[in-house]
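Trainee: Numbering (the UniProt record's numbering), first residue to last: 1 to 371.
We put the beta carbon where it would ideally sit given N, CA and C, even for glycine.
None of the values given here were measured: they were computed from a predicted structure.
Pasting a structure here, questions to come.
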């Protein structure tokens with residue numbers, strides 16, 4: 001895929017001093033050729049580091065491969081797959097069963113152990129006390145016992161040079177990203193197959209006002225692929241499918257209901273690739289994880305600027321809440337909405353319990369988004 005000269009437009013990157021001069025020059029060239037800015041200060045910028053310097057406590061530290069892979073693919077990648085959280089114990093043993101037989105250490109195990117030790121100030125040739133590996137076993141850094149990890153680290157990893165550590169972590173990161181990519185593809189294939197199956201013969205009930213699905217964003221699979229999460233949780237189609245909003249009786253009634261809706265409430269929704277890029281950019285700009293970004297976009301009705309403010313610590317007045325959405329469930333269930341009816345409901349105080357006062361325009365805009 002051809003990369004865009006505006007791929008990194010509006011994004012700032014900081015080249016950390018730990019990078020070699022050669023790597024720093026190559027990264028600077030790639031960033032500037034594709035519309036990005038190389039900042040002289042780390043403040044507010046995504047900091048590019050080598051794999052051996054990643055820290056799961058610092059989401060703004062991202063591997064240099066993020067730039068290379070984004071340019072190669074022509075699209076912004078998920079920064080969460082290039083930061084230190086990739087090597088945390090969370091998910092290290094997913095889908096695996098502790099076997100009685102001896103299990104060899106993988107490059108992923110080695111990378112997780114190196115990252116675990118580095119978070120505790122370990123330097124090459126230093127020892128790590130066995131008590132630390134007891135904690136590592138509790139946190140499920142690998143499938144192995146604390147005694148086994150202690151011995152393996154002492155014999156195999158303790159003497160690794162910084163370059164050797166970097167190589168191990170780079171290989172492990174590639175393995176993890178490949179696995180996540182396969183999981184994403186499998187999920188998309190399952191979703192495609194489910195969408196292709198005939199609809200159930202039982203009639204679909206309208207949304208139940210007592211248990212409205214609009215009160216919270218749809219829950220995606222947290223460990224699934226990034227694109228899958230974004231599509232399910234960040235787009236109106238995902239909201240409708242997961243939340244169980246009322247289906248149209250047929251295409252004609254769907255078209256008719258759209259005609260009856262006021263034009264001033266129209267919302268232009270992003271396509272999947274556009275949504276992917278929006279989420280990736282917000283992750284980089286705010287150093288927040290994907291679920292937080294998708295949550296913000298959902299409750300900001302897709303308003304990127306408002307979501308950015310919220311993710312940076314502000315409390316935008318235009319942001320919605322689950323309790324606000326509860327008051328809209330009947331409107332979401334309606335096939336068509338008369339503006340005059342909404343204005344009358346506002347005048348009667350039907351929405352007075354909302355977090356902030358809303359006029360008819362704001363309410364119609366939100367209802368359109370939730371559909």
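Quick check on the DSSP output: the beta strand (DSSP E) that includes residue 165 runs from which residue to which?
Mentor: The residue labelled residue 165 in the question sits at position 165 within the chain shown. From DSSP, residue 165 is part of no beta strand (DSSP E) but of the alpha helix (DSSP H) over 162–196.
Trainee: Whole angstroms are fine: how far does the CA of residue 29 sit from the CA of residue 5?
Mentor: Position 5 of the chain shown, counted from the start, is the residue given in the question as residue 5. Position 29 of the chain shown, counted from the start, is the residue given in the question as residue 29. Answer to the nearest angstrom: the Cα atoms are 12 Å apart.
Trainee: Looking only at DSSP bridge pairs, what is residue 13 linked to?
Mentor: Mapped onto the chain shown, residue 13 falls at position 13. Answer is 38, 46.
Trainee: Whose CA, out of 177, 291, 361, lies closest to the CA of residue 338?
Mentor: Counted from its first residue, the chain shown places residue 338 at position 338. Closest option to residue 338, Cα to Cα, is 361.
Trainee: Please classify residue 81 as buried or exposed, where buried requires at least 16 other C-beta atoms within 10 Å of its C-beta.
Mentor: Your numbering for residue 81 matches position 81 in the chain shown. So residue 81 ends up on the buried side.
Trainee: Exposed or buried, what is residue 370 when buried is set at 16 or more other beta-carbons lying within 10 Å of its beta-carbon?
Mentor: Numbered from its first residue, the chain shown carries residue 370 at position 370. Label assigned to residue 370: buried.
Trainee: Alpha carbon to alpha carbon, how far is residue 151 from residue 130?
Mentor: For this step, residue 151 is matched to residue 151 along the chain shown. For this step, residue 130 is matched to residue 130 along the chain shown. For residue 151 and residue 130, the distance between alpha carbons rounds to 9 Å.
Trainee: Excluding sequence positions up to five away, which residues of its chain have a Cβ less than 6 Å from the Cβ of residue 301?
Mentor: Start at 1 with the first residue of the chain shown, and residue 301 comes out as number 301. Same-chain partners within the cutoff: 366, 369.
Trainee: Are there 16 or more other CB atoms within 10 angstroms of the CB of residue 221, so buried, or fewer, so exposed?
Mentor: Indexing the chain shown from 1 puts residue 221 at position 221. In this predicted model, residue 221 has a pLDDT of only 37, less than 50, meaning its place in the structure is not dependable; the value taken from the coordinates is given anyway. By the 10 Å Cβ count, residue 221 comes out exposed.
Trainee: Does the stretch 18–28 come close enough to the stretch 127–145 to have 3 or more Cβ pairs within less than 8 Å?
Mentor: Contact between the stretch 18–28 and the stretch 127–145 is absent, because fewer than three Cβ pairs lie under 8 Å.
Trainee: Helix, strand or coil, according to DSSP, for residue 133 in the structure here?
Mentor: Here the question's residue 133 lines up with position 133 in the chain shown. Reduced to three states, the DSSP call for residue 133 is helix.
Trainee: Under 9 Å, do residue 389 and residue 132 count as touching if we go by C-beta distance?
Mentor: Because the chain in this structure spans residues 1 to 371, residue 389 falls outside the shown range and cannot be described.
Trainee: Excluding the five sequence neighbours on either side, which residues of its own chain have a C-beta within less than 7 Å of the C-beta of residue 142, listed in chain order?
Mentor: In the chain shown, the residue the question calls residue 142 occupies position 142. Within the same chain, residue 142 has close Cβ partners 92, 109, 112, 113, 149.
Trainee: For residue 275, does the count of other Cβ atoms within 10 angstroms reach 16, so buried, or fall short, so exposed?
Mentor: Looking up residue 275 in the chain shown gives position 275. Label assigned to residue 275: buried.
Trainee: Quick check on residue 103: does DSSP put it in helix, strand or coil?
Mentor: For the purposes of this step, residue 103 is taken as residue 103 along the chain shown, with counting starting at 1. Three-state DSSP puts residue 103 in coil, outside helix and strand.
Trainee: What number of angstroms, rounded off, separates the C-alpha of residue 83 from the C-alpha of residue 38?
Mentor: The residue labelled residue 83 in the question sits at position 83 within the chain shown. The residue labelled residue 38 in the question sits at position 38 within the chain shown. Between residue 83 and residue 38, the C-alpha separation is close to 19 Å.
Trainee: Where do the ends of the beta strand (DSSP E) carrying residue 63 lie?
Mentor: What you label residue 63 is simply residue 63 of the chain shown in a count that begins at 1. First-last of the beta strand (DSSP E) with residue 63: 61–63.
Trainee: Among residues of its own chain, excluding the 5 on either side of residue 354, which ones have a beta-carbon nearer than 6 Å to its beta-carbon?
Mentor: Looking up residue 354 in the chain shown gives position 354. 324, listed in sequence order.
Trainee: Mind reading off the beta-carbon distance from residue 295 to residue 59? Whole number of angstroms is fine, and I expect it under 8 Å.
Mentor: The residue you call residue 295 lines up with position 295 of the chain shown. The residue you call residue 59 lines up with position 59 of the chain shown. Going by Cβ atoms, the distance from residue 295 to residue 59 rounds to 16 Å, so no, they are not a contact pair.
Trainee: Within 10 angstroms of its Cβ, does residue 70 collect 16 or more other Cβ (buried), or is it exposed?
Mentor: For the purposes of this step, residue 70 is identified with residue 70 of the chain shown, where counting begins at 1. Its Cβ being crowded by 16 or more others within 10 Å, residue 70 is buried.
Trainee: Check each candidate in 298, 349, 68, 86 and name the one with the smallest Cα separation from residue 318.
Mentor: Mapped onto the chain shown, residue 318 falls at position 318. Considering only alpha carbons, the answer is 298.
Trainee: Which one of 13, 120, 128, 121 has the shortest CA to CA distance from residue 79?
Mentor: Residue mapping note: residue 79 aligns to position 79 of the chain shown, counting from 1. Nearest C-alpha to residue 79: 13.
Trainee: Out of curiosity, what's the CA-to-CA distance linking residue 128 and residue 158?
Mentor: Within the chain shown, numbered from 1, the residue matching residue 128 stands at position 128. Within the chain shown, numbered from 1, the residue matching residue 158 stands at position 158. So the alpha carbons of these two residues sit roughly 8 Å apart.
Trainee: Can you tell me whether residue 22 is buried or exposed? The criterion is at least 16 other CB atoms within 10 Å of its CB, across all chains shown.
Mentor: Indexing the chain shown from 1 puts residue 22 at position 22. Exposed is the call here.
Trainee: If you run the structure through DSSP and keep just helix, strand and coil, what is residue 343?
Mentor: For the purposes of this step, residue 343 is taken as residue 343 along the chain shown, with counting starting at 1. Note: residue 343 maps to helix in three-state DSSP.
Trainee: What distance in whole Å lies between the Cβ atoms of residue 47 and residue 16, which are believed to be in contact at a cut-off of 8 Å?
Mentor: Reading the chain shown from its first residue, position 16 is the one you call residue 16. Reading the chain shown from its first residue, position 47 is the one you call residue 47. About 6 Å separates the two Cβ atoms, so the contact holds.
Trainee: Buried or exposed: which applies to residue 285, given that a residue is buried once 16 or more other Cβ atoms fall within 10 Å of its Cβ?
Mentor: For this step, residue 285 is matched to residue 285 along the chain shown. Label assigned to residue 285: buried.
Trainee: Taking all protein chains shown into account, do 16 or more other C-beta atoms lie within 10 angstroms of the C-beta of residue 77, making it buried, or fewer, making it exposed?
Mentor: As a first step, residue 77 must be located in the chain shown, where it is residue number 77. So residue 77 ends up on the buried side.
Trainee: Measuring only the C-alpha atoms, how far is residue 126 from residue 8?
Mentor: What you label residue 126 is simply residue 126 of the chain shown in a count that begins at 1. What you label residue 8 is simply residue 8 of the chain shown in a count that begins at 1. Straight-line Cα distance between these residues: approximately 40 Å.
Trainee: So residue 144 is in the alpha helix (DSSP H); what residue range does that whole segment cover?
Mentor: For the purposes of this step, residue 144 is taken as residue 144 along the chain shown, with counting starting at 1. Looking at the DSSP string, residue 144 is not in any alpha helix (DSSP H), and its letter there is neither H nor E.
Trainee: Mind checking residue 293: buried by the 16 CB within 10 Å criterion, or exposed?
Mentor: Start at 1 with the first residue of the chain shown, and residue 293 comes out as number 293. Buried is the call here.
Trainee: Let me confirm a value: residue 53 is counted as buried when at least 16 other C-beta atoms fall within 10 Å, else exposed. Which label applies?
Mentor: Your numbering for residue 53 matches position 53 in the chain shown. Buried, because 16 or more other Cβ atoms sit within 10 Å of the Cβ of residue 53.
Trainee: In angstroms with no decimal places, state the Cα-to-Cα distance between residue 124 and residue 196.
Mentor: Along the chain shown, one-based indexing puts residue 124 at 124. Along the chain shown, one-based indexing puts residue 196 at 196. So the alpha carbons of these two residues sit roughly 54 Å apart.
Trainee: Is residue 179 buried or exposed, if buried means 16 or more other CB atoms sit within 10 Å of its CB?
Mentor: Here residue 179 corresponds to residue number 179 of the chain shown, with the count starting at 1. Result: exposed.
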